[in-house]
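Engineer: If you use this note's numbering, the sequence shown corresponds to residues 766 to 1344, in order. Ideal Cβ placement from N, Cα and C applies to all residues, glycine included. It should be emphasised that the depicted structure is a prediction, and the values quoted were computed from it without experimental measurement.
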Amino acid sequence: MPLSLPLSRAARAVVLSLATAATSQTLLGDVDSLYTSSTNQGPSTSRTPYVVPVATGVRTVSIFTVGTQDRDGTTGPTNGSPDSVSLDTVNLKSIANGDPLTQTGNAYIMAGKPDGLGLMDNGDGTFTVLMNHELGTGEGITRAHGAIGAYVSKWTVNGSNLAVSNGQDLIRNISLTNTSGVYQTAASGVVLGNLCSADLPALSALYNSTTGLGYNGRIFFSGEENSTGRSFAHVVTGANAGTSFELPRFGRQQVENILLNPTMQNLTIVAVNEDLSSGTTPVGQVNFYIGTKTNTGNAAERAGLNNGTLYGLRLDGLTSETLNGSGLNGVSSKRFELVTLPNQTGKTAGTLASDVTSNNIMNFLRPEDGAWDPSNPNDYYFVSTGNSGSNPSSSNFETRLWRVRFDSITAPTSAAMDGKHGTLEMMFEGGTGTGEFLPINMDNMTITRSGKIVIQEDPGNTSRAARIWLYDIATDTMEMIARADPARFGDKIPTAISSVSPFGQQEETSGIIDAWDILGPGWFLLTVQAHYGTGGLTTEMDEGGQLLAMFIPQAIPEPTSIGVLGLGALAMARSRRRR
766 MPLSLPLSRA
776 ARAVVLSLAT
786 AATSQTLLGD
796 VDSLYTSSTN
806 QGPSTSRTPY
816 VVPVATGVRT
826 VSIFTVGTQD
836 RDGTTGPTNG
846 SPDSVSLDTV
856 NLKSIANGDP
866 LTQTGNAYIM
876 AGKPDGLGLM
886 DNGDGTFTVL
896 MNHELGTGEG
906 ITRAHGAIGA
916 YVSKWTVNGS
926 NLAVSNGQDL
936 IRNISLTNTS
946 GVYQTAASGV
956 VLGNLCSADL
966 PALSALYNST
976 TGLGYNGRIF
986 FSGEENSTGR
996 SFAHVVTGAN
1006 AGTSFELPRF
1016 GRQQVENILL
1026 NPTMQNLTIV
1036 AVNEDLSSGT
1046 TPVGQVNFYI
1056 GTKTNTGNAA
1066 ERAGLNNGTL
1076 YGLRLDGLTS
1086 ETLNGSGLNG
1096 VSSKRFELVT
1106 LPNQTGKTAG
1116 TLASDVTSNN
1126 IMNFLRPEDG
1136 AWDPSNPNDY
1146 YFVSTGNSGS
1156 NPSSSNFETR
1166 LWRVRFDSIT
1176 APTSAAMDGK
1186 HGTLEMMFEG
1196 GTGTGEFLPI
1206 NMDNMTITRS
1216 GKIVIQEDPG
1226 NTSRAARIWL
1236 YDIATDTMEM
1246 IARADPARFG
1256 DKIPTAISSV
1266 SPFGQQEETS
1276 GIIDAWDILG
1286 PGWFLLTVQA
1296 HYGTGGLTTE
1306 MDEGGQLLAM
1316 FIPQAIPEPT
1326 SIGVLGLGAL
1336 AMARSRRRR
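1. Here's the rule: buried if 16 or more other CB atoms are within 10 angstroms of the residue's CB, otherwise exposed. What is residue 1265?
2. Determine, using beta carbons only, whether residue 1235 and residue 815 come nearer to each other than 8 angstroms.
3. Decide if residue 949 is buried, meaning its Cβ has at least 16 other Cβ atoms within 10 Å, or exposed.
4. Start and end of the alpha helix (DSSP H) containing residue 1021?
5. How would you label residue 808, buried or exposed, when you count the other beta carbons within 10 angstroms and need 16 or more for buried?
6. Leaving out the 5 sequence neighbours to the left and right, which residues in its chain are closer than 7 angstroms to residue 1006 when beta-carbon positions are compared?
7. In chain order, which alpha helix (DSSP H) runs of at least 4 residues are fully inside the segment 1109 to 1184?
8. Measure from the alpha carbon of residue 1241 to the alpha carbon of each residue in 1275, 1111 and 1190, then state which is nearest.
9. Spatial neighbours of residue 1188 within its chain, please: C-beta separation below 6 angstroms, excluding the five flanking residues on both sides.
10. Could you pull out every unbroken alpha helix (DSSP H) segment of at least 4 residues lying fully inside the segment 1263 to 1294, listed in chain order?
11. Would residue 1037 and residue 1023 be called neighbours here (beta carbons separated by less than 8 angstroms)?
12. Could you pull the start and end residues of the alpha helix (DSSP H) that residue 1067 belongs to?
13. In whole angstroms, what is the alpha-carbon distance linking residue 900 and residue 1210?
14. Nearest to residue 879 by alpha carbon, out of 1178, 1143, 907 and 897?
15. Can you find the residues in the same chain that come closer than 8 angstroms, C-beta to C-beta, to residue 1066, ignoring five residues on each side of it along the sequence?
16. Which residue's Cα is closest to the Cα of residue 1112: 931, 930 and 946?
17. Check whether the segment 1076 to 1086 and the segment 1109 to 1127 touch, using three or more Cβ-Cβ pairs below 8 angstroms as the test.
18. From what residue to what residue does the alpha helix (DSSP H) around residue 1253 run?
19. Taking the beta carbon of residue 964 as the centre, do at least 16 other beta carbons fall within 10 Å, making it buried, or is it exposed?
20. Using the C-alpha atoms, what's the distance from residue 1227 back to residue 981?
21. Just to confirm my understanding: we take residue 1136, look at its own chain, exclude 5 residues before and 5 after, and list those with CB closer than 7 angstroms. What are they?
22. Could you name the residues of the same chain whose beta carbon sits closer than 7 angstroms to that of residue 1114, not counting the 5 residues immediately before and after it, in chain order?
23. Let me confirm a value: residue 1202 is counted as buried when at least 16 other C-beta atoms fall within 10 Å, else exposed. Which label applies?
24. Could you name each continuous beta strand (DSSP E) segment of 3 residues or more that falls completely within the segment 900 to 928, going from the start of the chain to the end?
25. Out of curiosity, what's the CA-to-CA distance linking residue 823 and residue 1245?
26. Roughly how many whole angstroms lie between the Cα atoms of residue 873 and residue 1308?
27. How far does the beta strand (DSSP E) with residue 886 in it extend, from its first residue to its last?
28. May I ask you to report which of helix, strand or coil DSSP gives residue 949?
29. Using only CA atoms, which one of 907, 1231, 1322 and 1281 lies nearest to residue 1296?
30. So residue 1040 packs on residue 1133, CB below 8 angstroms; how close in whole Å?
31. In whole angstroms, give me the CA-to-CA distance for residue 827 and residue 1293.
32. May I ask you to report which of helix, strand or coil DSSP gives residue 963?
33. Which word fits residue 1182, buried or exposed, when buried means at least 16 other C-beta atoms lie within 10 angstroms of its C-beta?
34. Compute the Euclidean distance between the alpha carbons of residue 1278 and residue 1175, then round it to the nearest angstrom.
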């Protein structure tokens, strides 16, 4: 496994200078100089990071934590109490704006199961973090949209020191559609469940400034990862801010994530990943929705999210990934055809699965998170979890990294001479069991503009701590970067360590997002889901969890590469997502 040495401080300064010049952007602060240790505790939390470095030069910073009776807490809020921002006029968090009274008094706290993230520069030295909370339909307390269950929190963070100054709910009301696909009046009281990975795409994905078509505002996307799952567009800025719109044409399915291609054009192209399996049988799909931007209607309608067509991937002679070590019947890549699926508007759960079967659409074993390559807009990457991590066996599927390469992202349904629309390729295959040197159960991911993919594991309830990996597209190499803190969650390799109370061995890192444009090259934001419900947690908190920043020097391109990335990849929008 390759060892990538970190850039020197001087070399990184060159990268930072060149990157800033290429993007014509001023970074919010220099957290790189403030947090120089391998693990660092931010000013708004009483907990040290739940993720610790493995590779040379990697650093982690805890930002905000779900309240627990933790073992540390010498600074910040009183040990045993939750991290919080007070309900005062400075923080703009009050009962008057609809946020819930918490069970911890006059404060807004972070609840458990933090998952997909979005990141946005506020233009005043702070940035906004949007965070999915993957609560089930019967969990948590009544939120600002009038129901218990899953929700999206919205945090204001200081770009200079990562201090949290404000927290509130994003969703205020929800607009569902009738069976004909017509949006109904937005209302409160709609229960959401299991909001998982997320995407806050570049504005260019939603609005074509050349034609004036689309929605000229920011939208956060996520779906319900349950058997009747719906897809939603949560409006962040603009006239419909605070309203979430159902996206019925995406189909009812177990939604892992919804990811928009950032290419500025009149077409709106969306990847929809379904995290589903039936035992050891691959039954989850990665489908693509293609709509057309308009200049009328609500945010979802203007963005072209309710007038398009859903397509599946069909490969000759193959309807599911296989166990033969390649995933594609002995070859690493195969041409695909985009096949039109019936309109899913007004359809019930199970309809899409039936349509997929009747059209011989390709199936994967639990497609998880994905990302469009910011440097190559034709390329969409995603991971499939497989099922080898918790039950290693020759009959179980390894976790895999895939690439969907369209022949043309501006004409995605125009077939080539062979009648196909692109190529599906298996890029990397992980390990089996709980070993150290290959990924298991790959779950969440993000792609940097320099062609590096950061991948997070979800090993489930196993004694192996969740790892974070860095994959280099150009060199086809995988490097272990970090892992869940073994002093809390335990680990099996390289040394057996038991977890401690209230933590158990069931944890996952999630929501990884590139923060280059705000914090600088090599910086990322991520979450940890600590799956325990003890240690003084309230109904509101539900489970443990944490928001962190992580610096990965191995993800920074060499200074000579910056000019190559230049005004193309580096000038992408200033926000990134994850999931």
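Structural biologist: This is what the structure holds:
1. Residue numbering aside, residue 1265 sits at position 500 when the sequence shown is read from its first letter. Flag for residue 1265 reads exposed.
2. If you number the sequence shown from 1, residue 1235 lands on position 470. If you number the sequence shown from 1, residue 815 lands on position 50. Not in contact: residue 1235 and residue 815 (Cβ atoms no closer than 8 angstroms).
3. Within the sequence shown, numbered from 1, the residue matching residue 949 stands at position 184. Exposed, because fewer than 16 other Cβ atoms sit within 10 Å of the Cβ of residue 949.
4. For this step, residue 1021 is matched to residue 256 along the sequence shown. Segment 1020 to 1025 is the beta strand (DSSP E) holding residue 1021; no alpha helix (DSSP H) there.
5. Here residue 808 is taken as the residue at index 43 of the sequence shown, counted from 1. That one is exposed.
6. Sequence index remark: in the sequence shown, residue 1006 carries index 241 (1-based). Hits under 7 angstroms: 1000.
7. You should have 1116 to 1123.
8. By one-based count along the sequence shown, residue 1241 stands at place 476. Distance check between residue 1241 and each of 1275, 1111 and 1190 places 1190 closest, using alpha-carbon atoms only.
9. Looking up residue 1188 in the sequence shown gives position 423. Here the set comprises 1098, 1100 and 1170.
10. Counting only runs of 4 or more, we get 1281 to 1284.
11. Looking up residue 1037 in the sequence shown gives position 272. Looking up residue 1023 in the sequence shown gives position 258. Yes, they are a contact pair.
12. Translated into positions along the sequence shown, residue 1067 becomes position 302. Residue range 1064 to 1067 is occupied by the alpha helix (DSSP H) that includes residue 1067.
13. The residue given as residue 900 occupies position 135 in the sequence shown. The residue given as residue 1210 occupies position 445 in the sequence shown. The alpha-carbon atoms of residue 900 and residue 1210 are separated by roughly 21 angstroms.
14. Reading the sequence shown from its first residue, position 114 is the one you call residue 879. When the alpha-carbon of residue 879 is set against those of 1178, 1143, 907 and 897, the nearest one is in 897.
15. For the purposes of this step, residue 1066 is taken as the residue at position 301 of the sequence shown. Only residues of its own chain outside the window of five on either side were considered, and among them 948, 1059 and 1072 have a CB closer than 8 angstroms to the CB of residue 1066, listed in chain order.
16. On the sequence shown, residue 1112 is found 347 positions in, with the first residue counted as 1. The option with the nearest alpha carbon to residue 1112 is 946.
17. These segments touch.
18. Along the sequence shown, read from residue 1 onward, the residue named residue 1253 stands at position 488. Element bounds for residue 1253: 1251 to 1254.
19. Stepping through the sequence shown from its first residue, residue 964 is reached at position 199. Buried is the call here.
20. Along the sequence shown, read from residue 1 onward, the residue named residue 981 stands at position 216. Along the sequence shown, read from residue 1 onward, the residue named residue 1227 stands at position 462. Answer to the nearest angstrom: the Cα atoms are 45 angstroms apart.
21. As a working mapping, residue 1136 is identified with position 371 in the sequence shown. If we look at residue 1136 and ignore the five residues flanking it on each side, its Cβ neighbours are 1024, 1146, 1210, 1211 and 1212.
22. By one-based count along the sequence shown, residue 1114 stands at place 349. Contacts found: 992, 993 and 1017.
23. Taking the first residue of the sequence shown as 1, we reach residue 1202 at position 437. Classification for residue 1202: exposed.
24. You should have 916 to 923.
25. The count along the sequence shown starts at 1 and reaches residue 823 at position 58. The count along the sequence shown starts at 1 and reaches residue 1245 at position 480. Taking C-alpha positions only, residue 823 is separated from residue 1245 by approximately 11 angstroms.
26. For this step, residue 873 is matched to residue 108 along the sequence shown. For this step, residue 1308 is matched to residue 543 along the sequence shown. Their backbone Cα atoms lie some 16 angstroms apart in a straight line.
27. Start at 1 with the first residue of the sequence shown, and residue 886 comes out as number 121. First-last of the beta strand (DSSP E) with residue 886: 879 to 886.
28. Within the sequence shown, numbered from 1, the residue matching residue 949 stands at position 184. Three-state DSSP puts residue 949 in coil, outside helix and strand.
29. By one-based count along the sequence shown, residue 1296 stands at place 531. Checking every option, the nearest Cα to that of residue 1296 belongs to 1231.
30. Here residue 1040 is taken as the residue at index 275 of the sequence shown, counted from 1. Here residue 1133 is taken as the residue at index 368 of the sequence shown, counted from 1. At roughly 6 angstroms, the Cβ-Cβ gap stays under 8 angstroms, so residue 1040 and residue 1133 are in contact.
31. Looking up residue 827 in the sequence shown gives position 62. Looking up residue 1293 in the sequence shown gives position 528. Cα-Cα distance, rounded: 10 angstroms.
32. Residue 963 sits at position 198 when you count from the first residue of the sequence shown. Strand.
33. The count along the sequence shown starts at 1 and reaches residue 1182 at position 417. By the neighbour-count rule (16 or more Cβ atoms within 10 Å), residue 1182 is not buried but exposed.
34. For the purposes of this step, residue 1278 is taken as residue 513 along the sequence shown, with counting starting at 1. For the purposes of this step, residue 1175 is taken as residue 410 along the sequence shown, with counting starting at 1. Approximately 26 angstroms between the Cα atoms of the pair.
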